[in-house]
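Colleague:
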Amino acid sequence: MRVGGSDPIREAARLLAGRRNAVALAGAGISVESGIPSFRGSQGMWAKYDPMEYATLHAFMQSPRKVWEMLSEMKSLCGGAVPNAAHAGLSTLEKMGVVRAVITQNVDGLHQAAGSRAVIEYHGNLDELVCVYCWKRYPTRERWTPDAVPVCDCGEILKPNVVLFGEPIPWLAQEQAEEEARACGVLVVIGTSAQVSPACDIPRIAKESGAAVVEINPEPTSLTSSVTDIHLRGSASEVLRALTILIRM
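According to numbering that gives the first Met the number 0, the sequence shown is numbered sequentially starting from 0.
1. Hey, out of GLY209, PRO202, LEU231, whose CA is closest to LEU222's CA?
2. How would you label ALA205, buried or exposed, when you count the other beta carbons within 10 angstroms and need 16 or more for buried?
3. Given ASN160, which residues of its chain have a CB within under 6 Å of its CB, disregarding the five upstream and five downstream residues?
4. DSSP on LEU163, reduced to helix/strand/coil?
5. Compare the C-alpha of ALA172 against each of VAL118, GLU10, ASP107 and name the closest.
6. Grouping DSSP H, G and I as helix and E and B as strand, with all else coil, what is VAL2?
7. Tell me, which residues are paired with GLY123 by DSSP?
8. Do you know offhand how far THR220's Cα is from SER234's?
9. May I ask which residues mark the beginning and end of the alpha helix (DSSP H) holding LEU239?
10. Take GLY34 and list the residues in its own chain whose beta-carbon comes closer than 8 Å to its own, dropping the five residues that flank it on each side.
11. Can you tell me where the beta strand (DSSP E) with VAL66 in it begins and where it stops?
12. Is it buried or exposed for CYS151, if we count other Cβ within 10 angstroms and need 16 for buried?
13. Taking GLU72 as the reference, give the member of LEU92, THR91, ASP107, ASN83 with the closest Cα.
14. Could you tell me whether the Cβ atoms of ALA23 and THR191 are closer together than 8 Å?
15. Can you tell me which of the three DSSP states THR103 falls into?
16. Rounded to whole angstroms, what's the CA-CA distance from LEU249 to VAL212? Just pull it up for me.
17. Residues in the same chain with beta-carbon distance under 8 Å from ARG9, minus the five sequence neighbours each way, listed in chain order, please.
18. Which term fits SER236, buried or exposed, when burial requires 16 or more other beta carbons within 10 angstroms of its beta carbon?
19. In three-state terms, what does DSSP make of ILE156?
20. Buried or exposed for VAL98, please, with buried defined as at least 16 other CB atoms from any protein chain shown within 10 angstroms of its CB.
21. Using a Cβ-Cβ cutoff of less than 6 Å, which residues in the same chain neighbour PRO149 once the five nearest sequence positions on both sides are dropped?
22. According to DSSP, simplified to helix, strand and coil, what is ALA58?
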């Protein structure tokens, strides 16, 4: 089903209201309005930090103090951020019984802060630190400060419990995300082009399982011409606000 009508946002609202079995797949774009820059683009993190030098497991094992330069900036940005209207919109749609789960590629915790309860953290989160030598875990607030590198009781440098390039997706998060994709009636893709594997499989799994795919992105992505049924152009907060109003009518 590919919708080509003149009012795609009304078509999307009717679809969501009718099926009431939606799952959201959220990427970095949803948090940009909270002041957290996207990773890609001229203002993104990867423009400042080469991901092969700063965002791989190999880089962390070789030079953890260097990698913590990037991680500290990321933690400071996320720690000062608050949920925006898009996060609030998804929380509202969950309370309305329209969205049943959020699969987030973000590690900032803003979906939970906005009130969403069914959140699958596909890439982990910044609120926990883990030792890759003895596997002891700590709340980040207990071990990290902006001017220091956190250290485990065993003496090794701690890593945030986030997925770096070269690390597998946490097994339970991947299983839950794929199960939600297979069972949903609508997959709402927000602020991501879903190009990185295996997150890129989620829209395909949903589509092949019979779900409609609604994409909320300012510009077309690789998904738009392949799996997307309805592309809603605009900021995530504006589009989700409009959808919520229409669904309530």
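All residues carry an ideal CB built from backbone N, CA and C; glycine is no exception.
Modeller: On the basis of the coordinates in this document:
1. Here residue 222 refers to the residue found at position 223 when the sequence shown is read from its first residue. The residue with the shortest Cα to Cα distance from LEU222 is PRO202.
2. Start at 1 with the first residue of the sequence shown, and residue 205 comes out as number 206. Label assigned to ALA205: buried.
3. Walking along the sequence shown from the start, residue 160 turns up at place 161. The beta carbon of ASN160 sits closer than 6 Å to the beta carbons of GLY123, GLU127, VAL129 from its chain, once the five residues preceding and following it are set aside; these are given in chain order.
4. Counted from its first residue, the sequence shown places residue 163 at position 164. Coil, per DSSP.
5. For this step, residue 172 is matched to residue 173 along the sequence shown. If we check each option's Cα against that of ALA172, VAL118 comes out closest.
6. The residue you call residue 2 lines up with position 3 of the sequence shown. A caution first: VAL2 carries a pLDDT of 48, below 50, which makes its placement in the model too unreliable to give a value.
7. For the purposes of this step, residue 123 is identified with residue 124 of the sequence shown, where counting begins at 1. GLY123 is bridged by DSSP to VAL161.
8. Residue mapping note: residue 220 aligns to position 221 of the sequence shown, counting from 1. Residue mapping note: residue 234 aligns to position 235 of the sequence shown, counting from 1. Their Cα atoms are separated by approximately 14 Å.
9. Here residue 239 corresponds to residue number 240 of the sequence shown, with the count starting at 1. 235-247 is the extent of the alpha helix (DSSP H) around LEU239.
10. Residue numbering aside, residue 34 sits at position 35 when the sequence shown is read from its first letter. Hits under 8 Å: LEU76, GLY79, ALA80.
11. Residue numbering aside, residue 66 sits at position 67 when the sequence shown is read from its first letter. That residue, VAL66, is in no beta strand (DSSP E); its alpha helix (DSSP H) goes 63-78.
12. Working through the sequence shown from its first residue, we reach residue 151 at position 152. CYS151 should be labelled buried.
13. Start at 1 with the first residue of the sequence shown, and residue 72 comes out as number 73. Comparing C-alpha distances from GLU72 to each of LEU92, THR91, ASP107, ASN83 shows the shortest one belongs to ASP107.
14. What you label residue 23 is simply residue 24 of the sequence shown in a count that begins at 1. What you label residue 191 is simply residue 192 of the sequence shown in a count that begins at 1. Not closer than 8 Å, so no.
15. Position 104 of the sequence shown, counting from 1, holds the residue named residue 103. In the three-state reduction of the DSSP assignment, THR103 falls in the strand class, which pools E and B.
16. The structure shown does not extend to residue 249, since the chain is modelled only from 0 to 248, so the question has no answer here.
17. Taking the sequence shown and counting its residues from 1, the one referred to as residue 9 is at position 10. The residues LEU245, in chain order, have a CB closer than 8 Å to that of ARG9 in the same chain once the five nearest residues on each side in sequence are set aside.
18. Numbered from 1 along the sequence shown, position 237 holds the residue referred to as residue 236. Answer is buried; the Cβ neighbour count reaches 16.
19. As a position in the sequence shown, residue 156 is number 157, starting the count at 1. It is a strand residue.
20. As a first step, residue 98 is located in the sequence shown; it is residue number 99 there, counting from the start. It is buried - the Cβ of VAL98 has at least 16 other Cβ atoms within 10 Å.
21. Translated into positions along the sequence shown, residue 149 becomes position 150. So the list reads LEU128, ARG142, TRP143, LEU157, once near-sequence residues are dropped.
22. Along the sequence shown, read from residue 1 onward, the residue named residue 58 stands at position 59. If DSSP states are grouped into helix, strand and coil, ALA58 belongs with the helices.
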